[in-house]
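Chemist: In terms of numbering that gives the first Met the number 0, the sequence shown has 659 at position 660, counting the first letter as 1, and numbering is strictly consecutive. Idealized CB from N, CA, C, for every residue including glycine.
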Amino acid sequence: MTFKRTKFPLPLVLLGFLSIGLGSGCGKDADKRASGIVGATGETPVDPGGTGTASSLEFKPFPKEVYTAETADNSCVTFAVLSKANAAAVADVGIIFSVVSSSATTAEDKGKITPASGVTNAEGELEASYCSGKTEGKVTIVAKAGSVSINSGEISITKKPAYSFVYTGSDTPAAVSTDGSVINALNLNLIDSGPQDCTFLYFKLQRTGQPVVGAPVAFHTQTDFPKGVKLSRRAEPLATDLDPLNGKKMAKFEGVSSTTGEFAVPICTGSSLGSVSVSGSFTDPEEGRKLTAAAPVIRITSGTTSYVNFSLSFDPINARTLRAYYNTNSEYDLPFKVQTGARIDGLAIGDYPVTIATEVGRYTLVGGYPDVVTGEVPVKFHALHLVDNYPYQVTKFWRNQTAGTIYSAAQTRCDPNEIAQWVRATNAGTSIRYSTLKKNWQSTMVYAIRGQEYFNDANRNGVYDVGGNGFWDKNQNGVFDGNDVITYPVGATTFDPSGEWFIDMPTPFVDVDDDLLTQTTGYNPSIDMLLGDEYIAPNGKRDSDTVVWKSEVFPISMGASAFSLTNDLIRDNGSGGLRQVDEVVAANDPTTVQDDLRIFGLNPITLLELWDPGLEAERGLYNFEFFAQDLCGNLLPGGTKLVMDFETLYTPKYGDRKPTALLFGPQIDAFREPTRHLLNNVDGPNAEINFNSSDHPSASTGYPVFGRIAVEACSNPCTGHVLAAGFACDAWVGYARLAVGDPKLDQFQHTLRLRSLMTVPAVQSCTCSAATGVYFDAGECKCPEGTTLGTVMGTTACYAN
Numbered sequence: 000m001t002f003k004r005t006k007f008p009l010p011l012v013l014l015g016f017l018s019i020g021l022g023s024g025c026g027k028d029a030d031k032r033a034s035g036i037v038g039a040t041g042e043t044p045v046d047p048g049g050t051g052t053a054s055s056l057e058f059k060p061f062p063k064e065v066y067t068a069e070t071a072d073n074s075c076v077t078f079a080v081l082s083k084a085n086a087a088a089v090a091d092v093g094i095i096f097s098v099v100s101s102s103a104t105t106a107e108d109k110g111k112i113t114p115a116s117g118v119t120n121a122e123g124e125l126e127a128s129y130c131s132g133k134t135e136g137k138v139t140i141v142a143k144a145g146s147v148s149i150n151s152g153e154i155s156i157t158k159k160p161a162y163s164f165v166y167t168g169s170d171t172p173a174a175v176s177t178d179g180s181v182i183n184a185l186n187l188n189l190i191d192s193g194p195q196d197c198t199f200l201y202f203k204l205q206r207t208g209q210p211v212v213g214a215p216v217a218f219h220t221q222t223d224f225p226k227g228v229k230l231s232r233r234a235e236p237l238a239t240d241l242d243p244l245n246g247k248k249m250a251k252f253e254g255v256s257s258t259t260g261e262f263a264v265p266i267c268t269g270s271s272l273g274s275v276s277v278s279g280s281f282t283d284p285e286e287g288r289k290l291t292a293a294a295p296v297i298r299i300t301s302g303t304t305s306y307v308n309f310s311l312s313f314d315p316i317n318a319r320t321l322r323a324y325y326n327t328n329s330e331y332d333l334p335f336k337v338q339t340g341a342r343i344d345g346l347a348i349g350d351y352p353v354t355i356a357t358e359v360g361r362y363t364l365v366g367g368y369p370d371v372v373t374g375e376v377p378v379k380f381h382a383l384h385l386v387d388n389y390p391y392q393v394t395k396f397w398r399n400q401t402a403g404t405i406y407s408a409a410q411t412r413c414d415p416n417e418i419a420q421w422v423r424a425t426n427a428g429t430s431i432r433y434s435t436l437k438k439n440w441q442s443t444m445v446y447a448i449r450g451q452e453y454f455n456d457a458n459r460n461g462v463y464d465v466g467g468n469g470f471w472d473k474n475q476n477g478v479f480d481g482n483d484v485i486t487y488p489v490g491a492t493t494f495d496p497s498g499e500w501f502i503d504m505p506t507p508f509v510d511v512d513d514d515l516l517t518q519t520t521g522y523n524p525s526i527d528m529l530l531g532d533e534y535i536a537p538n539g540k541r542d543s544d545t546v547v548w549k550s551e552v553f554p555i556s557m558g559a560s561a562f563s564l565t566n567d568l569i570r571d572n573g574s575g576g577l578r579q580v581d582e583v584v585a586a587n588d589p590t591t592v593q594d595d596l597r598i599f600g601l602n603p604i605t606l607l608e609l610w611d612p613g614l615e616a617e618r619g620l621y622n623f624e625f626f627a628q629d630l631c632g633n634l635l636p637g638g639t640k641l642v643m644d645f646e647t648l649y650t651p652k653y654g655d656r657k658p659t660a661l662l663f664g665p666q667i668d669a670f671r672e673p674t675r676h677l678l679n680n681v682d683g684p685n686a687e688i689n690f691n692s693s694d695h696p697s698a699s700t701g702y703p704v705f706g707r708i709a710v711e712a713c714s715n716p717c718t719g720h721v722l723a724a725g726f727a728c729d730a731w732v733g734y735a736r737l738a739v740g741d742p743k744l745d746q747f748q749h750t751l752r753l754r755s756l757m758t759v760p761a762v763q764s765c766t767c768s769a770a771t772g773v774y775f776d777a778g779e780c781k782c783p784e785g786t787t788l789g790t791v792m793g794t795t796a797c798y799a800n
C-alpha cells in the first residue's frame, strides 16, 4: 500500500493508530502525547515515501535497557525493522517511527529516533538509532507502515550504574581551631590517655545510590605510622601489610560492607604523637575503575595529664618564696604556672580543670582549665596576715606545755635569743639547726587534675601490661627510690626497675605536718587536709582515669637577719643566753651597720693568715662563708642580690693593695645542671640567689655561700739606699661589707648590710743600708733632710750637706 497524505489526513492517522495500538485518549493533544508520534522528533513526521506494501513488520532483537543521555555509554542503540508480505521480505516499504512513554514527560525527554522515517532496503530492512533522553522510565518504540504497526516492547531507560565510595564520618567530632571553626581533621588522644584514644571511621559503598552489600575492601594507614597505631579494636592485635612500592609496613583492616553498604573501620592510637592517614580502595567490577576514599587526617595530639608531666613552672626572678614580713600584710603575689602534659610529649586535653588546696595563704586561679595552646594554668599565691594564719608548727617552743604557754617571739618571729632560752630549758641544751626551724615556716600546696598514672612501657608496646610493680612516688621524682612504697603485686618487697612498673597514687591531701617522707602512709587525718570525701590508699592498679596530683612546699620568708646569715644553728651559751649572737641591724634604721659584726669565719685578717712565712710577696688569699637563709631558716627569695665590697678606713701611702672579693656556691653545683645551682649570675663579688634551689643539697647546712678575699702580692720595690732589694707596701685598714637585698621590695628599706673590720698589714721585705742615719720611710731608704749618704774615712753614713 502506498501512503498518500491526501488520502489519509494526519489527524485520522493519529486517531487510527491510537485505536489500534494504545486505546482511546482524551482529546487530540493528549492523544498525540500518548502516541509518541510527535515524540520521535518533536515534530510531525514527513511522508516516508516508498512503493512497497507490507502485511507485517518485525523488530530484529532489541536491547531492553538503555542509559540516560548524561552518559556517552549505552545511551544510543541501533535497531532494524523487517517488512514482510506473505512471509517474504518487501523492499521500498515506507516506515514511520515513534516513541511512546507512560510517564508524563516532555517529548524531548523520551529520546529521539534517527531517522524518524524511511523505506526498507532490498532485504526489506530499515535501520535507525534511538538515543535516550534525560529522564529515567519505560519507553516503547513503534514502527508503522500504513495500517500495519509493531512495537518493540518496553525498554528501560536508567541512569548508568555509578559506584561511589566515600568517607561518611567518625565517632570522634571534627577538630576545632582556636577561633571555633571546624578543621578537616580528627584529634585523638594517646592510647589509654583520655576519652578519645580509640574510635570508628565510617565509609560507604553504593551503586547508583543503592548500597553494595558484602563487598570486601582493605583499609590501610600510611607507612611509618606513629608507634602503636592499629586499625583494630583495643583488645585485638595489630594487622599489617607491606607497601608494594617501598616494602614498609602499613597497619590494615579488612572489612566487608554491611546491608547498608557501610564499613566501620576501628582505629586505636599508640604511645607516640603524630598524624595518621586511613584510606581504602574499591575496584568497580563493571569498568575496572579504582575508587579510593580517605578519612580526614587523624592527629594524635594529646591525652589526659600524666603524673610525671604535671609540674609547676616559676618565673626565674620571683623564686618559690612567699614574702610575709612580720605582722604586716604582704602586698606581693607569687605568680607561677601549673603545666599539664600528656604521657609522652604533647599537651594535655583541656577538658578538666586544675584544682588547688593550700595549708595557708590565698591563691587565685582564673578558670583553672589549661590553655589549649600552651597547656598552662596561671596561679597567684599570696601570704595572708600572719596574726592568725601561721603554717603548722612542726616544732613548738613551749615554755610550759601543761599550761599551754610558749616562747612567743621564738614561735612567731624566730627570735634567736628566745630560741636559745628554749634550747636550754626544754631541749636539754641541744642546739637547733635552721634547717629544722624552717619547717615551721613553709606552706604546702597540692595541685591536682583528672589524668592518668604514669607507667614504664618496658616492652614499648604503647599500653600497660598488667603484672609489674606499682609504687607510691612519695618524693615525686618519677622513679622508685628511698622512701617510696611498693603497692603491687601484693607481698612484693623488691622492685624491678626494668619491668612494667607504674606509679600508684592515693587520694590527694595537703601534708600539713610535713611527714610524708618519714611516715608509711604520710596521711594524718587529724592534721592533714584531704581533698576527697575519704582517704583511699594506692589501690594496686594502674589507673588511666583518676586524679593525679603533686605537692609543692613554698617557703615563707620573714626577711633576712644578721644572725641567720652568719650562723647555721642556734645554741645556748650555758646561762640561758645566746652563744655567739651578733647584733641585728636596727629595724628602724636599715642604713646603720654594727662595727665589727662577725661574718662567719671572717675576723680581722692577720699577717700569718694572709701569707705563709717567707712568702710575704706572694698573693694573699682568705676564704670565708655565710648562709643564704632568712631569719627563719628558709632560702632567701630567688633573685636576692648578694654584693661584697670594701670600705677603706686607712688608705695606704705607698704600695696600695686594696682587697677584692669573689663569691661562689657549693662545690656540689659542679655536678648539677645550672638551673639548680645555689647562685645565679655570679660575677666576682656579685651574685643572686637562684629561685630553683630551695631544695638544694646544702639545705640541711643552711645554704652556705662561699667567698674568697684576695690581696694582691706586694709589687712595689723599695727605693733609695737599699742594702737588700725587696718590696714594700703600706697597710690597708677597712671593712669587708656584705649587702643582702630583696629585688621585689624597696632596695633601700629592705637591704641588710653587714661589715667586718679587716686589716691588711704592711709589708717590708727589703733591707736599708746599714749606714748610720739611713732610715725606711714610705717604701724608700733615705737620709734625713739636709744630709746625704757618703763615706768619710771609710765610714758610710748620712753627712750634712
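What's the call for Asn85, buried or exposed, on a 16-neighbour Cβ count within 10 Å?
Modeler: The count along the sequence shown starts at 1 and reaches residue 85 at position 86. Burial call: exposed.
Chemist: Is it buried or exposed for Lys247, if we count other Cβ within 10 angstroms and need 16 for buried?
Modeler: For the purposes of this step, residue 247 is taken as residue 248 along the sequence shown, with counting starting at 1. Exposed.
Chemist: Taking the beta strand (DSSP E) that Asn188 falls in, what are its first and last residues?
Modeler: In the sequence shown, the residue the question calls residue 188 occupies position 189. It spans 181-188 - the beta strand (DSSP E) in which Asn188 sits, taken as one unbroken run.
Chemist: Determine the contact status of Val228 and Thr220, defining contact as a CB-CB distance below 8 Å.
Modeler: As a working mapping, residue 228 is identified with position 229 in the sequence shown. As a working mapping, residue 220 is identified with position 221 in the sequence shown. In contact: Val228 and Thr220 (Cβ atoms closer than 8 Å).
Chemist: Exposed or buried, which one is Gln666 when buried takes at least 16 other CB atoms within 10 Å?
Modeler: One-based indexing of the sequence shown puts residue 666 at position 667. Gln666 sits exposed, since fewer than 16 C-beta atoms from the chains shown fall within 10 Å of its C-beta.
Chemist: At 4 residues or longer, and completely inside the region 363-439: list those alpha helix (DSSP H) runs for me, N to C.
Modeler: 407-412, 415-425, 433-436
Chemist: If you draw a straight line from the alpha carbon of Thr425 to that of Ile569, how long is it in whole angstroms?
Modeler: Mapped onto the sequence shown, residue 425 falls at position 426. Mapped onto the sequence shown, residue 569 falls at position 570. One C-alpha to the other measures close to 14 Å.
Chemist: From the DSSP output, which residues share a beta bridge with Ala709?
Modeler: Taking the sequence shown and counting its residues from 1, one reaches residue 709 at position 710. DSSP lists Leu620, Thr659 as partners of Ala709.
Chemist: Which stretch, first to last residue, makes up the beta strand (DSSP E) that contains Ser563?
Modeler: Locating residue 563 in the sequence shown gives position 564, counting from the first residue. From DSSP, Ser563 is part of no beta strand (DSSP E) but of the alpha helix (DSSP H) over 561-565.
Chemist: If we call anything under 8 Å between Cβ atoms a contact, is Leu311 one with Glu551?
Modeler: Mapped onto the sequence shown, residue 311 falls at position 312. Mapped onto the sequence shown, residue 551 falls at position 552. Cβ distance < 8 Å, so Leu311 and Glu551 count as in contact.
Chemist: Between Ser692 and Asn458, what straight-line distance do the alpha-carbon atoms span, to the nearest angstrom?
Modeler: Taking the sequence shown and counting its residues from 1, one reaches residue 692 at position 693. Taking the sequence shown and counting its residues from 1, one reaches residue 458 at position 459. Rounded to the nearest angstrom, the two C-alpha atoms are 36 Å apart.
Chemist: At least one CB of chain B closer than 8 Å to the CB of Asn188: is that the case?
Modeler: Of the chains in the structure shown, none is chain B; there is only one protein chain.
Chemist: With H, G and I counted as helix, E and B as strand and the rest as coil, what does DSSP make of Thr700?
Modeler: The count along the sequence shown starts at 1 and reaches residue 700 at position 701. The three-state reading of DSSP puts Thr700 in helix, counting H, G and I together.
Chemist: Should Phe199 and Ala142 be called a contact, given that it needs their Cβ atoms to be closer than 8 Å?
Modeler: To locate residue 199, count along the sequence shown from 1; it is residue 200. To locate residue 142, count along the sequence shown from 1; it is residue 143. Pairing Phe199 with Ala142 gives a Cβ-Cβ distance that is not under 8 Å.
Chemist: In angstroms with no decimal places, state the Cα-to-Cα distance between Asn514 and Tyr368.
Modeler: For this step, residue 514 is matched to residue 515 along the sequence shown. For this step, residue 368 is matched to residue 369 along the sequence shown. According to the sequence displayed, residue 514 carries Asp and not Asn. Cα-Cα distance, rounded: 31 Å.
Chemist: For Asp776, write down the residues that DSSP places opposite it in a beta bridge.
Modeler: Against the sequence shown, residue 776 aligns to sequence position 777. Paired residue(s): Glu779.
Chemist: Does the beta-carbon of Ser276 have 16 or more other beta-carbons within 10 angstroms, so that it is buried, or is it exposed?
Modeler: On the sequence shown, residue 276 is found 277 positions in, with the first residue counted as 1. Ser276 should be labelled exposed.
Chemist: By a C-beta neighbour count over all protein chains shown, 10 Å radius and 16 as the cutoff for buried, is Met792 buried or exposed?
Modeler: Locating residue 792 in the sequence shown gives position 793, where the first residue counts as 1. Looking at its Cβ environment, which holds fewer than 16 other Cβ atoms inside 10 Å, Met792 is exposed.
Chemist: CB Ile485 to CB Tyr306, shorter than 8 Å?
Modeler: In the sequence shown, the residue the question calls residue 485 occupies position 486. In the sequence shown, the residue the question calls residue 306 occupies position 307. Taking C-beta atoms as the reference points, Ile485 and Tyr306 fail to come closer than 8 Å.
Chemist: With a threshold of 8 Å on Cβ separation, who are the neighbours of Leu436 within its own chain once the five nearest residues in sequence on each side are excluded?
Modeler: As a first step, residue 436 must be located in the sequence shown, where it is residue number 437. Same-chain partners within the cutoff: Thr394, Cys413, Ile418, Ile569, Cys631, Gly632.
Chemist: Near Thr766, what residues of its chain come up, given a Cβ to Cβ distance below 6 Å and the 5 sequence neighbours on each side ignored?
Modeler: In the sequence shown, residue 766 corresponds to position 767, counting from 1. Same-chain partners within the cutoff: Leu722, Ala723.
Chemist: Since Gly254 is in the beta strand (DSSP E), which residue starts that stretch and which ends it?
Modeler: As a first step, residue 254 must be located in the sequence shown, where it is residue number 255. Element bounds for Gly254: 248-255.
Chemist: Between Thr404 and the rest of its own chain, which residues show a CB-CB distance below 6 Å, the 5 nearest in sequence each way excluded?
Modeler: For the purposes of this step, residue 404 is identified with residue 405 of the sequence shown, where counting begins at 1. Closer than 6 Å at Cβ, skipping near neighbours: Arg398.
Chemist: So what's Ala669 in DSSP terms, helix, strand or just coil?
Modeler: Locating residue 669 in the sequence shown gives position 670, where the first residue counts as 1. If DSSP states are grouped into helix, strand and coil, Ala669 belongs with the helices.
Chemist: If you draw a straight line from the C-alpha of Ala294 to the C-alpha of Val353, how long is it?
Modeler: Counting from one through the sequence shown, the residue named residue 294 turns up at place 295. Counting from one through the sequence shown, the residue named residue 353 turns up at place 354. Spanning the two alpha carbons is a distance of roughly 34 Å.
Chemist: Measuring only the C-alpha atoms, how far is Ala796 from Gly725?
Modeler: Here residue 796 refers to the residue found at position 797 when the sequence shown is read from its first residue. Here residue 725 refers to the residue found at position 726 when the sequence shown is read from its first residue. Cα to Cα, Ala796 sits roughly 22 Å from Gly725.
Chemist: Evaluate contact between the region 520-533 and the region 168-181, counting only Cβ atoms and requiring at least three cross-stretch pairs below 8 Å.
Modeler: no
Chemist: So, for Ser278: in the same chain, excluding its five sequence neighbours on each side, which residues have a beta-carbon less than 8 Å away from its beta-carbon?
Modeler: Taking the first residue of the sequence shown as position 1, residue 278 is located at position 279. Within the same chain, Ser278 has close Cβ partners Phe218, His219, Thr291, Ala292, Ala293, Ala294.
Chemist: Taking only the alpha-carbon atoms, compute the straight-line gap between Ile112 and Gly49 and give it to the nearest angstrom.
Modeler: Translated into positions along the sequence shown, residue 112 becomes position 113. Translated into positions along the sequence shown, residue 49 becomes position 50. Distance between the alpha carbons of Ile112 and Gly49 is about 19 Å.
Chemist: The beta strand (DSSP E) with Thr357 in it runs from where to where?
Modeler: In the sequence shown, counting from the first residue as 1, residue 357 sits at position 358. 354-357 is the span of the beta strand (DSSP E), which, as asked, contains Thr357.
Chemist: Please list, in chain order, all residues of the same chain as Thr790 whose beta carbon is under 7 Å from its beta carbon, the five residues on each side excluded.
Modeler: In the sequence shown, residue 790 corresponds to position 791, counting from 1. Closer than 7 Å at the Cβ level, and outside the excluded window around Thr790, lies no residue.
Chemist: Go ahead and pull the three-state DSSP assignment for Lys159.
Modeler: Working through the sequence shown from its first residue, we reach residue 159 at position 160. For Lys159, the secondary structure class from DSSP, reduced to helix, strand or coil, is coil.
Chemist: If you draw a straight line from the C-alpha of Ala409 to the C-alpha of Leu756, how long is it?
Modeler: Counted from its first residue, the sequence shown places residue 409 at position 410. Counted from its first residue, the sequence shown places residue 756 at position 757. Roughly 31 Å between the two C-alpha positions.
Chemist: In the DSSP output, what is Tyr129 paired with across the bridge?
Modeler: Locating residue 129 in the sequence shown gives position 130, counting from the first residue. Val76, Ile112.
Chemist: Tell me which residues share the same chain as Tyr798 and place their Cβ nearer than 7 Å to its Cβ, disregarding the 5 neighbours each side in the sequence.
Modeler: On the sequence shown, position 799 is the one that residue 798 refers to. Taken in chain order, the residues that qualify are Thr786, Thr787, Gly789, Val791.
Chemist: Does the distance from the C-beta atom of Ala561 to that of Leu753 stay below 8 Å?
Modeler: To locate residue 561, count along the sequence shown from 1; it is residue 562. To locate residue 753, count along the sequence shown from 1; it is residue 754. Yes, the pair counts as a contact, with Cβ atoms nearer than the cut-off.
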